[in-house]
Structure formats: structure tokens, C-alpha cells
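Before any comments, here is the structure.
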Amino acid sequence: MIVNKSMYPLQTSFGVISKMQDKFAQLQMQLGTGEKASKLSEMGRDLPLSLSVRQRLNTIDGYSSNIDTVNLRLTFLDNSLTRFDKIEGEARNASVPGQYGTGGINMATSPGLSHARFDEIVTMLNEDVAGRYLFGGKITDKAPLPTTDVLLKGANGKGGYESAVDVRRGADGVNDAYTAATGEAPGRLTLNGAADTVTLGEDGTTAHPFGFKLSTYSTTAANTAVVFTPSPTTDATKSVAIQFTAQPESGNSISIGLTMPDGTETQVKLTATTESPAPNGSFTIGATPEETATNFQAALGASLERTAKTDLKAASVFAAANDFFHESGVPRIAEAGAKPQALVDASDTYVQWYSGSVTATGENPRQSISTAIDDASRVNYGMQANESGFLRLVRSQAAMAVSSYKSEEQVRADLDGVRVAAMAQPEGAARDSALAAYETQVQDAYRLSTGFFDGMATRQQAELSEAHNSEAGSIEIITMDVGIARKSLENATERHTSYQSQLLDLLSDVETIDKEQVAMEILALQTRLTASYQTTSMVSQLSLVNFI
């Protein structure tokens, strides 16, 4: 019998040992790293699942990064909106009709405080977060507004809001003085008298947006004493003839309602009196209806002039703000001419106040900027400085910033020449009469100043009233939109955190090992290797001599 090594397949034994050595090395790597494989090719049948889970985790990381970025921007927007709301309240309470302060201090400080608020508003609308401007809608690479000085004073040969106010006042007939002989009245009205009839009308041959517009008229006098005859309804401009067919009684009044350029209403009311001269707001009953009509015409002209220098003047400033700070960003200014008939786009001659994106009517500015926060959800947080809430702040504070009011002290200084002339009169009735006339002029002029302040304060309060809180684009509605967006981010973050935890657990099951189990496998394999080494060593030394 022949006995040799061929009875024991050494090559096969060496192959088994080699595989066990590879397995031993792999187990040692797993024990050291805690992972099943050092490269994807070693994952085996777990590879597709591992790749799928990792891809999903990368997607979640991308969404989480979006959420972090948007959260930063929404935090900034939330802080800005909180400040805008406070400015709105501060401005609303800063100027109150009838509250002028000691020595007119409230009137004196109003322009400066309004300018400071306007500057803060412009600065906040132009702030950027990490180089991205948030109040220009889709346009995020540049500030949506010029600087405060450029907006108010203009630049590079183009006019600013101050120039627009001057032009608008001229177009509205604010500075026109009533002269009975010309038939023209302040506020782009015409005022003519003939016999027992006084006719009040709007100027021009076509309808235009400037000056006073006739809206209502009424009287407490008997219908047989005062008769109103309106112009035909087909006329482009309105007029009304007021005829004194008989004498009104003392205390009877005639009221004429007027619509102003900013859409607000005012009323001129004149009361019949037997006093001569008649006090402000009254007209003297003459000896005949014709004489009464003449007195009424003079009183109406004077009353319209006072109203033009107070209410209409304030309305003109706010109308200029509405047109200069137009939603489109392009200023609209009265066309050239002594009596303009229309507003025109003036981008060539006036600065453009807003250069961000403009949404079409009915569209939501929030949708101008949108970010994906998961597979099926997006958060919209676009914001535009031309939305109504911001516009109301910009317009009202610009209007208040460019308007000043004379104190009684300043009025007296302006009329000091009248006082000096009065004092130059000999002592006695002449001087007393001249000084009384001086005091009347002072009080009349000061009433124009306080009346203008009241008109501006009333409009500012109306513009910033909380009654606008529910309208689209208000500060409050925008704040609510931001709150909804932040809640969406919060919910998405919770979803991602939960899902990410589940995926990481699954990935751990697929890619990582149980170290205790691996250690046991190593010990078992080590025992097998030792036995295999010994057996192979013994067989490799086997010979006939050793066998015998």
C-alpha cells in the first residue's frame, strides 16, 4: 500500500485557510470600525437599500438647509414687521388734530420726527440678509428703494417727492387767492355772480383729478328763498347755481360739500347773519336778494380760500404722495401747464421710488419667493415694499416730513411790520384799531397753520388706522403670513427629524454590526484557524517512514 500526501488535499486545505484568513481580517475591520464594509462594493445584497437610504438622507439634509436659510430670513422679516407695526402706532399717536402743544411744540417737532421715521422705514426696506434684499420681491440683488435724501430731494437732475408736492399744489390750486373780479376761486373752482345768482363750478372742459370737486349742496332756508340749479349730468365738469329768490332768515345756512384730491370730503358752510361785517363762516343779509347774493359770493370765496389753505393743502400733499409713491414704482406727476388736466408717468424727470418686482393684480406677493421644504411642500415668503401696508407708512411719513407749520410766534414775526405800523399811529382810537386789526391778522394766519396741521394729522391717522389691518398687504396680514410660513417650517422640521431618525436606524441595521456578535465570530474563527493550521502542518509532514 502506498501512502502519500495525495490522500489529503493540501491545496484545498490552503484555500479554506485563505478564505478563513480573509474572513478573519474582515471581522477585525468590522470590529474596529463598527461597519460591515469599508467600501460599497463589499455591501453585497444590502447595497441597493443602503444607497436608497443615503440618497433620502441627503435629500432631507438639503431640505433642512433650505429651512435653516429661510428661518434666518423669516426671523429678520418678523423683527422688521414688529418694528413697522410700532412705527405705525407711534406715527398715529404723534400728531393729533387740535393738540398743538405748548407754544406749538407738537407742530414744530412733527416734520423732524416724521423724517426720522421715514428714514428708518426706508433703511429697513433696504436692509439685506447675507447679501439678499428681502423687500424687492423676485429682485434680490439690489436695494428696492433709493436713499431717503434721493427720495425726498431727487438726484442726477431728477426731482424727488418735495418737487412733486410743489407741482401738485399748483395743479390743485392750493396757492390761488380768491379774486371776485376774475371769477376764479381757489381749488380749481370758478365763482361768478350775476344779479341774485351765484354760480360755483369746476374749471376746465374735461374732468381732471385736481382741486375741489362739487359733491353735495343743501340749505336750511326755505325752498322759496334759496334755489339750487345743478349743471346737466352729461357735463364733464360740474357746477351749481345758487339763486336767492327771496331773503333768507338770520341763522339759515347754505352748505356745499367738496371732494378733495385724496378722496376725502370737506364742507363749506355759510350762515346768514344781520351783522356787518359778517364774521368768518357767515354772510350778511343785504337790503335786497341781489345784495345778499353779492355778500354770499364774497363770503364763499373767502371761505374757499381758507379751506384751500388748510384741508385742500393737506389733501394735496397726500395726493402727491399717492401718485409719487405709486404701486408701480413709477411716479405720476401733473402734466406741464398752468392748469393741468391729467397725470402722466414721469420716470424721465423724477426718481423712481421702487425698483423691485411688481405683482399683477390679484396675485400674492408672497409667491414671488418660494422654497421647497419637503417633496410636496413649499413655503412662500416673498415681500415687496410696494404692498399697501408699507406704502401707507412710506406715503404718510414722507407727507408729514415735508410739511411744516408756523407757530404763533413765527406768525407774529412775519407780521411784525404790521405791528410796527400800528404802533406808529398816534395813541388813541387809531392805534387801538390798527393793533386790533394786527391781532386779527395774526389769529387768522395762525388758524391757517393749525388748520393745515389738523388736516395733515387727520389724514395720517386715517392712513395708519387699524381699520386697514384686515386688507391685503397690511402689516398685520403680512405678519400673519410670516407666522404661517414659520409654522410650516417648524412642522417640516419635525417631520424631517422623525423620518431622519427612522432612516438612520435602518441604515445602521444595514451598514453597521453588533460588536459582541462579531467578537464571538472572531473567537470561533480563530479556533477553527488554529485547528486548520495544526492539521495542515501535520499532514504536510506525513511520509511512509513517519506513517510506519
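The sequence shown begins at 1 in the UniProt record's numbering and counts up by one. Backbone N, C-alpha and C define an ideal beta-carbon position, used for all residues, glycine too.
6 Å CB neighbourhood of residue i in its chain, flanking five on each side removed
i      : result
THR530 : none
ASP262 : ALA315, PHE318 and ALA319
SER114 : GLN397, MET400 and ALA401
PRO267 : In the sequence on display, residue 267 carries Gln and not Pro. The answer, listed in chain order, is SER255 and GLY257.
PRO230 : VAL240
SER488 : VAL379
Three-way DSSP call (helix, strand, coil) for residue i in this model
i      : result
THR261 : Rather than Thr, the amino acid found at residue 261 in this sequence is Pro. Coil, per DSSP.
THR219 : strand
ASP454 : helix
ASP141 : coil
THR288 : coil
GLU387 : coil
THR205 : coil
GLU184 : strand
PHE318 : helix
THR224 : coil
THR179 : strand
LEU464 : coil
LEU415 : coil
TYR8   : A caution first: TYR8 carries a pLDDT of 49, below 50, which makes its placement in the model unreliable, though a value can still be read off. DSSP places TYR8 in coil when its eight states are reduced to three.
Classification of residue i by the beta-carbon crowding that lies within 10 angstroms, buried from 16 upward
i      : result
PRO279 : exposed
GLU335 : exposed
ILE105 : exposed
SER470 : exposed
ALA424 : exposed
MET260 : buried
VAL420 : exposed
MET383 : buried
SER95  : buried
THR205 : exposed
MET400 : buried
ASN364 : exposed
LEU523 : exposed
ALA472 : exposed
LEU72  : exposed
SER368 : buried
GLY160 : buried
ARG459 : buried
GLU494 : exposed
GLY62  : exposed
SER276 : exposed
GLU463 : buried
GLY154 : buried
SER328 : exposed
THR527 : exposed
THR273 : buried
GLN55  : exposed
Residue(s) in a DSSP beta bridge with residue i
i      : result
ASN192 : THR199
SER253 : THR271
PRO230 : VAL240
ASP345 : ARG332
SER370 : ASN380
ASP128 : TYR133
GLY159 : TYR350
PHE283 : ALA272
LYS213 : THR259
THR266 : LEU258
Cβ distance (whole Å) where residue i is taken to contact residue j below 8 Å
i      : j      : result
LEU74  : ARG486 : 5 Å
ALA222 : GLY301 : In fact, because the Cβ distance is near 25 Å, the residues do not count as touching under 8 Å.
ASP172 : GLY211 : 5 Å
THR271 : GLY281 : 6 Å
GLU290 : ASP196 : 5 Å
THR349 : LYS158 : 6 Å
ALA385 : GLY136 : 7 Å
Nonlocal neighbours in the same chain, by C-beta distance under 8 Å from residue i, ignoring five residues either side
i      : result
THR199 : THR190, LEU191, ASN192, GLY193, SER239, VAL240, ALA241 and ILE242
ALA422 : ARG431, ALA434, LEU435, ALA437 and TYR438
ARG378 : SER370, THR371 and ALA372
HIS468 : SER388, GLY389, ARG392 and SER474
TYR100 : ASN106, MET107, THR450 and PHE453
GLN441 : LEU415 and VAL418
LEU81  : ILE475, ILE478, THR479 and VAL482
ASP323 : ALA164, ARG168, PRO331, ARG332, ILE333 and LEU343
Same chain only: Cβ atoms within 7 Å of residue i, ignoring 5 sequence neighbours per side
i      : result
VAL330 : ASP345, SER347 and GLN352
ILE2   : Note that ILE2 has pLDDT 47, beneath the 50 cutoff, so the model's placement of it is unreliable and no number is given.
LYS406 : SER449
GLY98  : ASP454
ALA143 : ASN126 and TYR133
ALA246 : THR224, ALA225 and PRO289
Within-8 Å CB hit, residue i to chain C
i      : result
LEU504 : The chain labelled as chain C is not found in the depicted structure, where only one protein chain is given.
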